[in-house]
Amino acid sequence: FFAHLLISKENVSSNSFFASALITCTPNDPRSGDSYCVETYREGSYCTGEGICSNPFRTGCLHNVLPDNFTKLRTCNSYDDANATGRGDCAISRFDYDEVRILNQNWEGAMFSSWIMQIVLSELLDVPTTIET
């Protein structure tokens, strides 16, 4: 597991740092490629062309944890690119809702609550939802 800490001159002067827990991999390598991502994360992760393991929950938490009982994809949000629906990562909302953006600050309890709210809104209620940090 490799975590990256991005430090810039601006971050040092403002005492704010951005931590990213990305797992690096080697594309098309039998040992440190797709199989490594699945072993490290879970089924559904793969080694991207940028050499980073993909999020195994990109299609939705319920869709991945309960695949036999919950086949619906999560609702697309503003972080998804134009090809997300074509790849099968998400589905366009059937409703004309504005995106809900959840701000959770840096409190652990608020982060867990935010994840639950995002799952309910984007996977059960078809509301585009993002978590702002």
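Numbering-wise (the working numbering), the sequence shown opens with residue 960 and increments by one.
Ideal placement from N, C-alpha and C gives every residue a C-beta, glycine not left out.
Note that the structure is a prediction, hence the values are computed from the model and not measured.
Query raised in the report: Per the contact definition of three or more C-beta pairs closer than 8 Å, is the segment 1082-1090 in contact with the segment 1057-1067?
Result: Here the segment 1057-1067 lies against the segment 1082-1090, with 3 or more beta-carbon pairs under 8 Å apart.
**Item:** Distance CB(L1021)-CB(E1067) smaller than 9 Å
**Value:** For this step, residue 1021 is matched to residue 62 along the sequence shown. For this step, residue 1067 is matched to residue 108 along the sequence shown. No.
Requested in this report: Could you tell me whether the Cβ atoms of L1032 and G1019 are closer together than 9 Å?
Outcome: Position 73 of the sequence shown, counted from the first residue, corresponds to residue 1032. Position 60 of the sequence shown, counted from the first residue, corresponds to residue 1019. Yes, these two residues count as a Cβ contact at 9 Å.
ask   = Out of N987, G1003, N1065 and G1010, which has the shortest C-alpha to C-alpha gap to L981?
value = The sequence position of residue 981 within the sequence shown is 22, counting from 1. Checked all of N987, G1003, N1065 and G1010; the closest Cα to L981 is G1010.
| request: Would you mind listing the beta strand (DSSP E) stretches within the segment 1017-1073 that are 3+ residues and don't spill past its ends, in chain order? | output: Here the runs fully enclosed are 1059-1062.
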